[in-house]
Amino acid sequence: MSVPTLHEWALAESVILAALSRAQEGKIKKVVIRLGELQQVDEEIFSFALRELAKLYEIDAEFEIKEEKATVRCRRCGFTFSFAEALSHLDESSKEAIHFVPELVKSFVSCPKCGSSDLEIISGRGVSIEEVITE
Amino acid sequence: MIDPRIYGALKRLNEVEYVIPVMSGKGGVGKTLVASTLALALSKIGCKVGLFDVDITGPNCHVVLGIKEPQFEEEKGIVPVLTSGIRFMSIWFFAQSRPIPLRGKEKSSALLELLAVTRWEGIDILLLDMPPGVDDEILDLITLLKNARYLLVTSPSRLSIETVSRTLRLLKAEGAEILGVVGNMIRDDDSAPRSLAERGGIQYLSSLPYDPAVEEAIGNPESLLSTKFGRAVISLAEKVAKVLGFAH
């Protein structure tokens, strides 16, 4: 597989750098990562980037990836809706914008119930680290 | 949960030799125009320059630079667009003309996201066009950017001087290194900006003239640099480059 050139690489590098910082002097054994649905990270490319970056940073660790469902809530009326409901009617370039900056869901999506853009991302925003396990 | 982005953002920002937040605290003093034109001027005198529009909810640098198409490349991250000799990135590339109704933490998060993935390798000086006010993004950046050199912009108005004085006190209290003060929209012998710098013990870098020709030149970098304002910014760029140790 050729080296992925997408921005998933930069997201993966942030994870590697964060894990190294957390581990301090310890040897990293496992990193548990959550991928929030809203950011639509390509898991295959992201995993590949993690493995390549691990070699570059000389980390011999397991990476476990968990998906986190995305929930968005309207601050005006309280209506809560899912990732599928939020993004279903969007074209590819709009979804791409949210892929880069998930907060931009507020620029592209309005509440299905009241039409407000004052939305809050409750869960599944983007990339986060659940745990760094060291030896 | 650990947010990994701060580590990525620090790495990206450390790829740059100097980060210069162009700020004020006050709206309407011309930060965007000064930041954008200074970026163009620094590039014109030979520096490798980047410009990042930190005004996440009201980006405008792209208007000054005359960018019409929101196209950019990805290469292990976001490659800031090469335009008029500078590398440029802004949330505008993603939101374009849509409203960006973000609350405090959301602005911080959006900013952090872009900082974590935008690549500034090869850049000597990265200018940050900061938003008005002293809000989450500015406070976050002050914490994040330990090696920044702050450039304060003020107009001669007493309203601006009052607010910028406050901003200066904050930066000093946070131990920030201040490159200097620039007076913008200066007419005749407006001396208030210089007095502000002197009272604060900070270098007064330049008086940029009020120039009605600027409005017409916005969007055309070559024209902008040819105005009376633009020529003064080129002199400012030469001074800034010298202070930072870039000989031209």
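Chains as they are written, first to last, in our numbering: chain V, 1 to 135; chain F, 1001 to 1248.
Note that CB positions come from ideal geometry on N, CA and C, so glycine has one too.
ask   = What alpha helix (DSSP H) runs, 4 residues minimum, are completely inside the segment 1088-1172 of chain F?
value = 1092-1095, 1104-1117, 1136-1144
query = Can you tell me whether DSSP reads E211/V as helix, strand or coil?
reply = The displayed coordinates of chain V run from 1 to 135. Any statement about residue 211/V would go beyond what the structure contains.
ask   = Leaving out five residues before and five after S1090/F in sequence, what residues of the same chain have Cβ atoms less than 8 Å from its Cβ?
value = F1052, D1053, P1059, C1061, H1062
query = Where does P1099/F land, buried or exposed, given buried means 16+ other C-beta within 10 angstroms?
reply = exposed
task = My understanding is that V1079/F touches L1033/F, with C-beta atoms under 8 Å, so please give their C-beta distance in whole angstroms.
result = About 25 Å; that fails the 8 Å criterion.
query = How about D42/V: is its C-beta nearer than 8 Å to some C-beta of chain F?
reply = no
task = Would you grab the beta carbon distance between V1019/F and L1128/F for me? Rounded to a whole angstrom, and I think it's under 8 Å.
result = 7 Å
inquiry  = Cβ closer than 7 Å: which chain F residues qualify as neighbours of V101/V?
reply    = I1091, F1094, A1110, E1113, L1114
task = Identify the continuous beta strand (DSSP E) that holds T71/V and give its terminal residues.
result = 71-74
ask   = Could you give the residue range of the beta strand (DSSP E) that holds I122/V?
value = 119-123
message = I need the DSSP call for S1206/F, collapsed to helix, strand or coil.
response = strand
Segment limits, beta strand (DSSP E) that includes I1056/F = Careful: I1056/F lies outside any beta strand (DSSP E) and carries neither H nor E.
query = Count the other CB atoms within 10 Å of the CB of V3/V; is the residue buried (16 or more) or exposed (fewer)?
reply = Any answer about V3/V is weak, because its pLDDT of 48 lies below 50 and its placement is not dependable; what the coordinates show is given next. Answer is exposed; the Cβ neighbour count stays below 16.
key: Exposed unless 16 or more other CB atoms sit within 10 angstroms - verdict on I1138/F   = buried
task = Leaving out five residues on either side along the sequence, give the residues of the same chain with a beta carbon under 8 Å from the beta carbon of S1108/F.
result = D1136, E1137, D1140
ask   = Between which two residues does the beta strand (DSSP E) containing S1235/F stretch?
value = Per DSSP, S1235/F belongs to no beta strand (DSSP E); it is in the alpha helix (DSSP H), 1228-1244.
key: Nearest neighbour of R1231/F, chosen from E1215/F, F1246/F, D1211/F [CA to CA]   = D1211/F
key: M1/V versus F46/V - alpha carbon distance   = Below a pLDDT of 50, predicted positions are generally treated as unreliable, and M1/V, at 41, falls in that range; the measurement from the model is reported next regardless. Going by the C-alpha atoms only, they are around 13 Å apart.
key: V127/V, buried or exposed, once every other Cβ within 10 Å from all chains shown has been counted against 16   = buried
key: Contact list for R73/V against chain F, beta-carbon separation under 7 Å   = The premise fails here: R73/V is roughly 13 Å from chain F at the closest Cβ pair, so nothing lies under 7 Å.
query = At a CB-CB cut-off below 7 Å, which residues of chain F make contact with V142/V?
reply = This structure cannot speak to residue 142/V, because chain V is shown only from 1 to 135.
key: Spatial neighbours of E68/V in its chain, beta-carbon cut-off 7 Å, leaving aside the 5 residues before and after   = R34, L35, G36, E37, S123, G124
task = Identify the continuous alpha helix (DSSP H) that holds L1040/F and give its terminal residues.
result = 1031-1044
Selection of the segment 65-96 of chain V by Cβ proximity to chain F, strictly under 7 Å = none
inquiry  = Do H99/V and Q24/V count as a contact pair if the criterion is CB distance below 8 Å?
reply    = no
message = Check this for me: beta carbons of L1179/F and Y1150/F, under 8 Å apart or not?
response = yes
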